[in-house]
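> Residue numbers (numbering that gives the first Met the number 0), protein chains in the order written: chain A, 0 to 209; chain B, 0 to 76.
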Amino acid sequence: MGSVGTPIGAAAVLTALAAASLLIHHIVVRPKLAGTTRLKLLLGLAVLPFIAAVTTTASGMQRTTEREFCGSCHVMETHLTDLVDPTSLSLAARHSRNPMMGPHACYTCHADYGMLGYPMTKLKGMSHVYYYYLGGYRNWDLRRFHAEVRVAKPFPNANCKQCHSGTLSSFSNVREHLGMQEELESNRVSCASAGCHGVAHRFSKRPEEL
Amino acid sequence: MRRLLAFIARWPTERALRVACWIGLLALALMIAGVVLGTPLAVVASMSVAQGLGVLACLLFGVSIAADGAARRGGGK
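Written as structure tokens, this is what we have:
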């Protein structure tokens, strides 16, 4: 089920239905183009659809941050299954159990940080849709997907630092953090890499990557 | 200007408005589908194709109303 249960989703559907009823009335009744008809058409073709478009976009953008949305493509099923597994100890699952991330866990971790993080993440997300529907991923089985597909760019440590600021002594006093300060800041070494905090989605990696 | 007036005089207002209504209905259906289904393709279509169709329907409405207004003014003179 989509986001029709949310206030913005319900507003989108109601506005669109109101506009649709005006348009159907015009198609069926075929009234003369008097002042009232113009006003009804203005509402049905411009004002209400504009409101519907704005609310639909808001609802759609919200929907794209939900983990069920990401997991709705079959190649992401195992990622979603792992996230919601209360016994999983993977880095992703442990973070997903945090209520701050829970329902939006994929987006919270993978969205780029910064002022343009939100729109750029959405734009890049379109490439996922392209690869899935037109790039052949739709016909791949999970084994092939896990073997061949990797994250498009190294996972930026800035995304981890949205929550783990790294300013407390409990972070900076750790020997490994001290020794790799430059590599961590320049993103040459990811927090979520083998030997550090481990990869986030272990099941999707080859043994030599763990 | 003459070309524009000739174009407006030939504009099929009633039919264009009905076409605009059908296109508008299609756009609204896509928007509703995006919200109700919530699947990637439906959501993407509701935020792209649907809005393009909505703009097209709105433009058809605007041109039709303008053409009707011009025709009325022309007929009144």
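Heads up, the beta-carbon is just placed ideally off N, CA and C, and yes, glycines get one too. Please read these numbers as outputs of a predicted model, since none were measured by experiment.
Three or more C-beta pairs closer than 8 Å, one from the stretch 44–53 of chain B and one from the stretch 33–43 of chain A: is that the case here?
Touching, no, given that fewer than three Cβ pairs across the two stretches are closer than 8 Å.
> Go ahead and pull the three-state DSSP assignment for lysine 76 of chain B.
At lysine 76 of chain B, the pLDDT of 48 sits below 50, so the modelled position is not reliable; the number obtained from the coordinates is stated separately. Correct three-state label for lysine 76 of chain B: coil.
> Just by C-beta distance, which residues in the stretch 6–18 of chain B are closer than 8 Å to chain A?
The residues in question are Thr12, Glu13, Leu16 and Arg17.
> Just the chain A side, please: which residues come within less than 8 Å of leucine 40 of chain B by C-beta, in chain order?
The answer, in chain order, is Val128 and Tyr132.
> On the premise that valine 42 of chain B lies in contact with glycine 53 of chain B, defined as a C-beta separation below 8 Å, what is that separation, rounded to the nearest angstrom?
So it is not a contact: roughly 16 Å between Cβ atoms.
> Between leucine 25 of chain B and leucine 4 of chain B, what straight-line distance do the alpha-carbon atoms span, to the nearest angstrom?
Each residue's Cα considered, the two are about 31 Å apart.
> Under a Cβ-count criterion, where at least 16 other Cβ atoms within 10 Å of its own Cβ denotes burial, should histidine 163 of chain A be classed as buried or exposed?
By the neighbour-count rule (16 or more Cβ atoms within 10 Å), histidine 163 of chain A is not buried but exposed.
> Going by DSSP in three states, phenylalanine 49 of chain A sits in which element: helix, strand or coil?
Phenylalanine 49 of chain A: helix per DSSP, three-state reduction.
> With a threshold of 8 Å, are at least 3 pairs of Cβ atoms found where one atom belongs to the stretch 149–157 of chain A and the other to the stretch 55–67 of chain B?
No, the stretch 149–157 of chain A does not touch the stretch 55–67 of chain B.
> Assuming proline 48 of chain A and leucine 27 of chain B form a contact by the criterion Cβ under 8 Å, report the distance between their Cβ atoms to the nearest whole angstrom.
Confirmed, Cβ separation roughly 7 Å.
> Would you check if the stretch 48–57 of chain A and the stretch 109–126 of chain A touch, i.e. whether three or more CB-CB distances between them fall below 8 Å?
In short, these stretches do not touch, since the Cβ pair count stays below three.
> List the whole-angstrom C-beta distance separating glycine 178 of chain A from glycine 37 of chain B, where the pair is believed to meet the contact cut-off of C-beta under 8 Å.
Between glycine 37 of chain B and glycine 178 of chain A the Cβ distance is about 46 Å, and since that is not below 8 Å, they are no contact.
> Does glycine 8 of chain A get closer than 8 Å to chain B when you measure Cβ to Cβ?
Yes, because at least one Cβ of chain B sits closer than 8 Å to the Cβ of glycine 8 of chain A.
> Taking Cβ-Cβ distances below 8 Å as the criterion, which residues of the stretch 14–26 of chain A are in contact with chain B?
Flagged, chain order: Ala15, Leu16, Ala18, Ala19, Leu22, Ile23, His25 and Ile26.
> Would you say methionine 0 of chain B lies against chain A (beta-carbon separation less than 8 Å)?
It does not: the Cβ of methionine 0 of chain B has no partner Cβ on chain A nearer than 8 Å.
> In its own chain, which residues sit with a C-beta less than 7 Å from the C-beta of glycine 68 of chain B, not counting the 5 before and 5 after it?
Nothing meets the Cβ criterion.
> Is it true that the CB of arginine 66 of chain A sits closer than 8 Å to the CB of alanine 233 of chain A?
Beyond the ends of chain A as shown, which are 0 and 209, falls residue 233 of chain A; an answer cannot be given.
> Any chance the stretch 12–25 of chain B sits against the stretch 15–29 of chain A, with 3 or more Cβ pairs inside 8 Å?
Yes, the stretch 12–25 of chain B touches the stretch 15–29 of chain A.
> Short check: CB of leucine 215 of chain A to CB of alanine 92 of chain A, under 8 Å?
In the structure displayed, chain A extends from 0 to 209; residue 215 of chain A sits before or after that span and is not available.
> Thinking C-beta only, is alanine 199 of chain A closer than 8 Å to leucine 90 of chain A?
The answer is yes: Cβ separation under 8 Å.
> Would you say leucine 27 of chain B reaches chain A, if we count a Cβ-Cβ gap shorter than 8 Å as a contact?
Yes - at least one Cβ of chain A is within 8 Å of the one on leucine 27 of chain B.
> Output yes if chain A places a C-beta closer than 8 Å to the C-beta of glycine 23 of chain B; else output no.
Yes, because at least one Cβ of chain A sits closer than 8 Å to the Cβ of glycine 23 of chain B.
> Just checking my contact of valine 3 of chain A with proline 39 of chain B at CB under 8 Å: how many whole Å lie between their CB atoms?
Contact doesn't hold; Cβ gap of about 16 Å is too wide.
> Can you tell which of A/Gly43, A/Glu76, A/Val12 and A/Thr63 has its C-alpha closest to the C-alpha of arginine 142 of chain A?
For arginine 142 of chain A, the nearest C-alpha among the options comes from A/Glu76.
> Within 10 angstroms of the Cβ of glycine 135 of chain A, are there 16 or more other Cβ atoms? Answer buried if so, exposed if not.
Label assigned to glycine 135 of chain A: exposed.
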